[in-house]
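Encoded as structure tokens, the structure appears first; notes follow it.
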Amino acid sequence: MTDDTSRWEAVDDYYDDALSISDSALRGALARSAEAGLPEIAVTPNQGRLLSLMAKSAGAARILEVGTLGGYSTIWLARALPAGGQLVTCELDPKHAEVARQNLTDAGCADLVTIHVGPAAETLSALVSGNEPAFDFVFIDADKESYLTYFELALKLTRPGGLIVLDNVVRKGEVANPETTDPRVQGVRACVELLSRETRVEATAIQTVGAKGYDGFILARVLE
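Take the sequence shown: its letters are residues 90 to 313, numbered as in this note's numbering.
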């Protein structure tokens, strides 16, 4: 761990404590996920609250998540829902989905969430063809190689005025390298190239540092 990363992690911990961001259910979700051997790649507590605040600010009653993992970000988003709200989340790995179900149950959110297990592109395509009611907020945090596909499908599923958020889009700055051979970075760049031409959205990117290192988000608002 570099000195910079240690400093970033200390700041994350400071705000997590000072602003009372985490609670027993959230800490328990991370602990159960780690015990089950899931990769430790969930959003940080500060990022989780950021997602929750964005969803609340958007008045999101229907939320779509691509990439459930152990359900940590799912809990944050489910807690942002108003009474009667719904969250649909997509997870490829059945083991991850089962851990997420346990975590959501412990957090008291299970009744708000539907987990679709299988390839996310297939799930999203089925939602499109099934005339699923539009979503207000979408969070994409899955395999970066498929970000272009996920964004294109999410755009079809998001209402005008809705917000689409994509995680891990800076990749330690490698996203700015046109010669990259990393398929994850290439996937992000393909999505960015689409965004540069897409007239139905307005978008920006935010670079972040913290316990997860140097990365960032894309925020894309679907135009009216």
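Using N, Cα and C, we set each Cβ at its ideal position, and we do this for glycine too.
Given residue 289, which residues of its chain have a CB within under 7 Å of its CB, disregarding the five upstream and five downstream residues?
As a position in the sequence shown, residue 289 is number 200, starting the count at 1. So the qualifying residues of the chain are 244, 311, 312.
Roughly how many angstroms lie between the CA atoms of residue 36 and residue 160, to the nearest whole one?
As shown, the chain starts at 90 and ends at 313. That puts residue 36 outside it, with no answer to give.
Label residue 156 either buried or exposed according to how many other C-beta atoms from any shown protein chain fall within 10 Å of its C-beta, with 16 as the threshold for buried.
Position 67 of the sequence shown, counted from the first residue, corresponds to residue 156. With at least 16 other beta carbons inside 10 angstroms of its own, residue 156 counts as buried.
If contact is defined by three or more beta carbon pairs under 8 Å, each pair taking one atom from either stretch, is the stretch 123–140 in contact with the stretch 207–223?
Contact fails: fewer than three Cβ-Cβ distances are below 8 Å.
If I follow the unbroken alpha helix (DSSP H) through residue 164, where does it start and stop?
The residue labelled residue 164 in the question sits at position 75 within the sequence shown. Counting along the chain, the alpha helix (DSSP H) containing residue 164 begins and ends at 161–168.
Starting from residue 151 and walking both ways along the beta strand (DSSP E), at which residues does that stretch end?
Residue numbering aside, residue 151 sits at position 62 when the sequence shown is read from its first letter. Residues 151–155.
Identify every run of the alpha helix (DSSP H) within the stretch 271–299, keeping only runs that are complete inside it and at least 4 residues long; order them along the chain.
For the alpha helix (DSSP H) assignment, the uninterrupted runs of no fewer than 4 residues enclosed by the stretch 271–299 are, from N- to C-terminal side, 272–286.
Should residue 173 be labelled buried (16 or more other beta-carbon atoms within 10 Å of its own) or exposed?
For the purposes of this step, residue 173 is identified with residue 84 of the sequence shown, where counting begins at 1. The C-beta of residue 173 has fewer than 16 other C-beta atoms within 10 Å across all chains shown, which makes the residue exposed.
Run the CB neighbour count on residue 262, radius 10 Å, all protein chains shown included, and call it buried at 16 or more, exposed below.
As a first step, residue 262 must be located in the sequence shown, where it is residue number 173. Burial call: exposed.
Pull up the distance between the alpha-carbon of residue 250 and that of residue 147, whole angstroms please.
Residue mapping note: residue 250 aligns to position 161 of the sequence shown, counting from 1. Residue mapping note: residue 147 aligns to position 58 of the sequence shown, counting from 1. Between residue 250 and residue 147, the C-alpha separation is close to 8 Å.
Ignore the nearest five residues each way along the sequence and tell me which others in residue 97's own chain have a CB closer than 7 Å to its CB.
Taking the first residue of the sequence shown as 1, we reach residue 97 at position 8. Scanning its chain for C-beta atoms nearer than 7 Å, with the 5 sequence neighbours on each side dropped, one finds around residue 97 the residues 298, 299, 300, in chain order.
Measure how close the beta-carbons of residue 247 and residue 227 come, nearest whole angstrom, since I'm counting them as under 8 Å.
Position 158 of the sequence shown, counting from 1, holds the residue named residue 247. Position 138 of the sequence shown, counting from 1, holds the residue named residue 227. Distance from residue 247 to residue 227 at the Cβ level is roughly 6 Å; contact confirmed, criterion being Cβ atoms closer than 8 Å.
Shorter than 8 Å from the beta carbon of residue 141 to some beta carbon of chain C?
The chain labelled as chain C is not found in the depicted structure, where only one protein chain is given.
What does the Cβ neighbour count give for residue 184, buried or exposed, with the cut at 16 atoms within 10 Å?
If you number the sequence shown from 1, residue 184 lands on position 95. With fewer than 16 other Cβ atoms within 10 Å, it is exposed.
Locate the beta strand (DSSP E) running through residue 249, then write down its first and last residues.
Working through the sequence shown from its first residue, we reach residue 249 at position 160. DSSP places residue 249 in the uninterrupted beta strand (DSSP E) bounded by 247–256.
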